[in-house]
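Those sequence lines, one after another, are chains U and S.
According to the numbering used here, the first sequence is numbered sequentially starting from 78.
According to the numbering used here, the second sequence is numbered sequentially starting from 714.
Just so it is clear, CB atoms sit at the ideal spot from N, CA and C, and this is done for glycine as well.
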Amino acid sequence: MTTSRRSFMKMVLAGTALGQGLNLTLTKNLFAKTTGEPIIIGHQCDLTGGISSWGYWHDKAAKAAVDYLNDNNGIAGRPVKYVVEDTETNAPTGARKFRSLVQRSKADFVIGSVHSGINLATVPIAKELKTIYIPQGMAAVMTGAKGNRYVFRVNSDTYSQAAAGAAWAMNNLGKNWGFIFADYGWGWSHFNEHKAVLDKLGASVGKPIAVPLDAKDFLPYLTKVAKGTDELYSIFFGSQSVAYYTQSKSLGLDKRMKRYSVICTHEAISPKDMGGASEGIYMLEYHPRMLKYKDTPHNRKVRDLMRVDPVDGKEDGSKKIIAGSHYWAVWEGIFFIQKAIEKSGWKSKKDTPDFIQALEGLAVKESFEHPQGDKVMRAKDHKAVINFYMSKVQNGEIHVQHNIPAADVESRFPPRYDFTKESF
Amino acid sequence: MKTLQNLEPLQILGLIGALFFLTAPITIPLVANDFWVSIVAEIMIWGLFAASANLLFGYTGLLSFGQAVYFGMGAYGVALSIDIFGFSFWPAVLVGIAVATVTAFITGIFAARLTWHYFAIITVVFSLIFFFITVGWYDVTGGDDGLPFTLPPVFKAGGFEVSLLDLTFQYYFILAVVAGCFALMHMLLKSPLGFAFIAVRENASRAGLVGYNPYMIRLVSFVFAGFFAGVSGVLFALFSRSASAHFLFWTVSGEGVVWMIVGGAGTLFGPVLGAAFLIIVREELSLYWEHYLLVVGVIVILFVTYAPQGIMGLLKSALDRIFKREREAANSVPTVGEAVAKEGPES
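Here's what the structure looks like:
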């Protein structure tokens, strides 16, 4: 076989390309190599029980974030180990699992459950065991009256949700508000936070209708809704949420007034599976379920890792619908940990006070690590100030109607506590 | 005074158990993770709770699914006293126990009139009523969110302070209270009142004919059981630094019943063994499989079907068999033929 000048050049080019490819791969692997003791991130996750449809996504997001870190030099060159324990969506079990993560698995940082009761049972233990805790629940008090310096919040709470949605809803849906909700902490917390904002804005708030937790027939409660109500704010979870949407529509309330809620009442559920019962409802989202309303390269990439379709957020190969307004906070929580470790030079748990000071006031830019948007972890009350979206269920899809930027929310959402004065 | 040699096998086992509980904070970290010290503390609390269900079922013949009410009342009594009223440690503890005991007395007035499935049903109903009140009364109880609180010191004098934040002190505090409760329960069961409980359990009509008032006996047993459940609730609230509406749900009572049955109903320490066994199974299995309760269910079915006397019954029969064989061997006089075969013929 003879080698012509042309074929020789081809071989040289191919060889160079192959060499470069190998070189890049080797270099990447060289830098990806992590050394030293692993940094352990625990996850107190609701894998079974009432909120397990969200817990699935939280676990998936946390695993994906840790895998990404380990493929990219870990945290400060150290590998990251992920340990998950199931809370059974139960407060005493959840608190015990936190102890197990910290004392048995030696977790350095813990991402928390989405159940407020579990979070509140865990918050004092986090301080005792001097471990950073990033809960996912929505009760305002855990980064307020019941909080402490070891607790940080990446997602929203009932306080910021009222601050974000009430003003727009009052101006666009009407001034006469009615409230119907499940008779427990979450429902009352929404009512109290909204009433405080609405009273200031000059809206009229009707007598709240608290529905017992075991109620299946909503007729006796729906008939109490006042006639002149412009918008009916509802807070229910799981089967009660489906029952409320179905029965309020069949009574024709959707024709007489606007129905408004937060996405939590529709999270991990497709409107298409509700048979049109939630059609027309306005919802406050904390991150749009539909990709087209946040179609950035970063958000697209993270959703690809979650393997969900761009419209319904349905998982490839299963019937699961993404908990789109919540999973991102677990993802971002892990990168907040990374940034605060690298900023503070944290080496072990004795350096946790430095970590806390680094995280207090930490600002992050929208990126692959923070796809939800720019945000600041407020130093005083340890809450991230985030963007919100006012959306509406139309044709079985959740369409964004209005963007509510973090800067607008912050003006109505001043810190109520200052944890920076608390000793470690 | 009995010497060690004169002790029954179960008493020796009890001594070993007591030695384990007394030295756990020192010995456990030598062989396992110190997380297990807090699990042993939890086992003691839940063991006392299961023993309260046992006092009713094992000794008085009343199957209660309502012990969670008094557990929750004890927990909320101490949590509200500290968080809302600003009480110090000991007054808060006393309030918790008092609230649970008074609640047991009031509900017992109605429940003690009933027996068998009617009694079981009314205790479930009480549990549901108190649970829904607690969940709905958000402003006071924190509802589903619960009521976390900051622990006040147990003792403070000048600069010296002892608090349950010191985990070794916390362990011994729980041990002392639980041991005190079991001593009280032992005295109660060995008293004429304790025998009256058993008389009512065995045959209430006959007990009535010999002069006992079965209703009053059941009521007293119910109040004592509420007291012990209340103490365990107080301890658990202090241990977990919070109270929650979940504490009052009937499934918590159900767990107590399961621990009692698996451990051995009608025995003083059986419920502690049941709680210990199932809590350790839970802690180990739940790490690897979130549906571990299926295994727990199978264990319960096997015990109820094949070992209704529970772990205590299994232990007792096993020890009896071993020691009986040894005793028989020691006491048996060899026959002439055996002696000859062993020693050889006299020369």
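Measure the C-alpha to C-alpha separation of A222 (chain U) and S945 (chain S) and round it to an integer number of angstroms.
The sequence position of residue 222 (chain U) within the first sequence is 145, counting from 1. The sequence position of residue 945 (chain S) within the second sequence is 232, counting from 1. Taking the straight line from one Cα to the other gives about 28 Å.
Under the three-state reduction of DSSP, which class applies to F868 (chain S): helix, strand or coil?
The residue given as residue 868 (chain S) occupies position 155 in the second sequence. Strand at F868 (chain S).
Would Y322 (chain U) and M351 (chain U) be called neighbours here (beta carbons separated by less than 8 Å)?
Here the question's residue 322 (chain U) lines up with position 245 in the first sequence. Here the question's residue 351 (chain U) lines up with position 274 in the first sequence. Their beta carbons are under 8 Å apart, which means Y322 (chain U) touches M351 (chain U) by this criterion.
Check the Cβ of Y261 (chain U) against every Cβ in chain S and list those closer than 9 Å, keeping chain order.
Along the first sequence, read from residue 1 onward, the residue named residue 261 (chain U) stands at position 184. Simply V848, G849, Y851, G856, D857, D858 and A958.
Anticipated Cβ contact below 8 Å, N232 (chain U) with H403 (chain U), distance rounded
Taking the first residue of the first sequence as 1, we reach residue 232 (chain U) at position 155. Taking the first residue of the first sequence as 1, we reach residue 403 (chain U) at position 326. Their Cβ separation, rounded to whole angstroms, is 7 Å, which keeps N232 (chain U) and H403 (chain U) in contact under 8 Å.
Quick one: is A216 (chain U) near chain S, going by C-beta distance under 8 Å?
Residue numbering aside, residue 216 (chain U) sits at position 139 when the first sequence is read from its first letter. It does: the Cβ of A216 (chain U) has a partner Cβ on chain S nearer than 8 Å.
Beta-carbon within less than 7 Å of I436 (chain U)'s beta-carbon, same chain only, minus the 5 sequence neighbours each way: which residues are those?
Residue mapping note: residue 436 (chain U) aligns to position 359 of the first sequence, counting from 1. With the sequence shown as reference, residue 436 (chain U) is identified as Leu, and Ile is not the correct amino acid for it. Counting only Cβ-Cβ distances below 7 Å, and skipping sequence neighbours, we find F229, F413, A417 and M454.
Applying the 10 Å Cβ sphere with the 16-neighbour rule, what's the burial state of P927 (chain S)?
Position 214 of the second sequence, counted from the start, is the residue given in the question as residue 927 (chain S). By the neighbour-count rule (16 or more Cβ atoms within 10 Å), P927 (chain S) is buried.
Leaving out five residues before and five after K207 (chain U) in sequence, what residues of the same chain have Cβ atoms less than 8 Å from its Cβ?
As a working mapping, residue 207 (chain U) is identified with position 130 in the first sequence. Closer than 8 Å at the Cβ level, and outside the excluded window around K207 (chain U), lie Y227, K426, T429 and F501.
Under a three-way DSSP split, which group does F873 (chain S) fall into?
Along the second sequence, one-based indexing puts residue 873 (chain S) at 160. In the structure shown, F873 (chain S) sits in a strand (DSSP, three-state: E or B).
Residues that DSSP places opposite V931 (chain S) in a beta bridge
Position 218 of the second sequence, counting from 1, holds the residue named residue 931 (chain S). Residue 931 (chain S) is actually Arg in this sequence, not Val. DSSP output for R931 (chain S) lists no bridge partner at all.
The segment 298-305 of chain U in contact with the segment 275-288 of chain U per 3-pair CB rule at 8 Å
yes
In terms of alpha-carbon separation, which member of S:I1035, S:R1040, S:I1012 and S:A989 lies closest to I756 (chain S)?
The residue given as residue 756 (chain S) occupies position 43 in the second sequence. Nearest of S:I1035, S:R1040, S:I1012 and S:A989 to I756 (chain S), Cα basis: S:A989.
Mind checking M334 (chain U): buried by the 16 CB within 10 Å criterion, or exposed?
Here residue 334 (chain U) refers to the residue found at position 257 of the first sequence. Its Cβ being crowded by 16 or more others within 10 Å, M334 (chain U) is buried.
Closest residue to T497 (chain U) among U:Q121, U:T220 and U:L178 (Cα-Cα distance)
Your numbering for residue 497 (chain U) matches position 420 in the first sequence. Nearest option by C-alpha distance: U:T220.
Close-in-space but distant-in-sequence residues of the same chain around D451 (chain U) (CB under 6 Å, 5 per side omitted):
The residue labelled residue 451 (chain U) in the question sits at position 374 within the first sequence. Answer for D451 (chain U): K442 and E443, listed in chain order.
Kindly indicate which residue of U:A287, U:L330 and U:D331 has the alpha-carbon position closest to the one of Q317 (chain U).
One-based indexing of the first sequence puts residue 317 (chain U) at position 240. The shortest Cα separation from Q317 (chain U) among U:A287, U:L330 and U:D331 belongs to U:A287.
Please report whether the beta-carbon of E1003 (chain S) lies at a distance below 8 Å from any beta-carbon of chain U.
The residue labelled residue 1003 (chain S) in the question sits at position 290 within the second sequence. Chain U, which has a Cβ nearer than 8 Å to the Cβ of E1003 (chain S), makes this yes.
Whole-Å CB distance - S190 (chain U) paired with G171 (chain U), under 8 Å assumed
Position 113 of the first sequence, counted from the first residue, corresponds to residue 190 (chain U). Position 94 of the first sequence, counted from the first residue, corresponds to residue 171 (chain U). Contact holds; Cβ gap of about 5 Å.
Note down, in chain order, every chain C residue with its Cβ under 7 Å from the Cβ of Q449 (chain U).
In the structure shown, chain C cannot be found, because the protein chains are U and S.
Beta-bridge pairing of V848 (chain S) - partner residues as DSSP gives them:
Against the second sequence, residue 848 (chain S) aligns to sequence position 135. According to DSSP, V848 (chain S) bridges with nothing at all.
Distance, F186 (chain U) Cα to K105 (chain U) Cα:
Along the first sequence, one-based indexing puts residue 105 (chain U) at 28. Along the first sequence, one-based indexing puts residue 186 (chain U) at 109. Caution is warranted here: a pLDDT of 48 is assigned to K105 (chain U), below 50, making its placement in the model unreliable, and the coordinate value is therefore given only provisionally. Going by the C-alpha atoms only, they are around 28 Å apart.
Counting contacts by CB-CB distance shorter than 8 Å, is N167 (chain U) in contact with chain S?
As a working mapping, residue 167 (chain U) is identified with position 90 in the first sequence. Judged by the 8 Å Cβ criterion, N167 (chain U) is in contact with chain S.
Please confirm whether F108 (chain U) has its beta-carbon closer than 8 Å to some beta-carbon of chain S.
As a working note, residue 108 (chain U) is residue 31 in the first sequence. In this prediction, F108 (chain U) scores a pLDDT of 45, lower than 50, which makes its location untrustworthy; the coordinate-derived value is nonetheless stated afterwards. F108 (chain U) does not count as touching chain S.
Between the C-alpha atoms of A766 (chain S) and G154 (chain U), what's the straight-line distance to the nearest angstrom?
One-based indexing of the second sequence puts residue 766 (chain S) at position 53. One-based indexing of the first sequence puts residue 154 (chain U) at position 77. Our two residues, A766 (chain S) and G154 (chain U), have alpha carbons roughly 54 Å apart in a direct line.
Please decide whether D879 (chain S) counts as near chain U, where near means a Cβ-Cβ distance under 8 Å.
Along the second sequence, read from residue 1 onward, the residue named residue 879 (chain S) stands at position 166. Not closer than 8 Å to any Cβ of chain U, the Cβ of D879 (chain S) fails to qualify, so no.
Mapping the DSSP letters down to three states, classify P861 (chain S) as helix, strand or coil.
In the second sequence, residue 861 (chain S) corresponds to position 148, counting from 1. Strand at P861 (chain S).
What is the residue span of the beta strand (DSSP E) that Y466 (chain U) lies within?
Reading the first sequence from its first residue, position 389 is the one you call residue 466 (chain U). First-last of the beta strand (DSSP E) with Y466 (chain U): F465 to Q471.
List the DSSP bridge partners of C341 (chain U).
As a position in the first sequence, residue 341 (chain U) is number 264, starting the count at 1. Partner(s): none; C341 (chain U) has no beta bridge.
To the nearest angstrom, how far is the alpha carbon of G24 (chain U) from that of M973 (chain S)?
In this structure chain U extends from 78 to 501, so residue 24 (chain U) is not present and cannot be described.
Could you say which of S:T836, S:A892, S:A763 and S:L986 lies nearest to E968 (chain S) if we only look at CA atoms?
The residue given as residue 968 (chain S) occupies position 255 in the second sequence. Comparing Cα-Cα distances from E968 (chain S) to each of S:T836, S:A892, S:A763 and S:L986, the minimum goes to S:A763.
Which partner residues of Q121 (chain U) appear in the DSSP bridge assignment?
The residue labelled residue 121 (chain U) in the question sits at position 44 within the first sequence. Paired residue(s): U:E162.
Roughly how many whole angstroms lie between the Cα atoms of F910 (chain S) and V200 (chain U)?
Residue mapping note: residue 910 (chain S) aligns to position 197 of the second sequence, counting from 1. Residue mapping note: residue 200 (chain U) aligns to position 123 of the first sequence, counting from 1. Their Cα atoms are separated by approximately 44 Å.
Could you work out which residue in S:G859, S:R914 and S:L922 is closest to Y261 (chain U) when comparing CA atoms only?
Residue 261 (chain U) sits at position 184 when you count from the first residue of the first sequence. Among S:G859, S:R914 and S:L922, the Cα nearest to that of Y261 (chain U) belongs to S:G859.
Report buried or exposed for G394 (chain U), applying the criterion of at least 16 other Cβ atoms within 10 angstroms of its Cβ.
Position 317 of the first sequence, counted from the start, is the residue given in the question as residue 394 (chain U). Under this definition G394 (chain U) is an exposed residue.
Name, please, each residue of chain U whose Cβ falls closer than 8 Å to the Cβ of T863 (chain S).
As a first step, residue 863 (chain S) is located in the second sequence; it is residue number 150 there, counting from the start. P201, listed in chain order.
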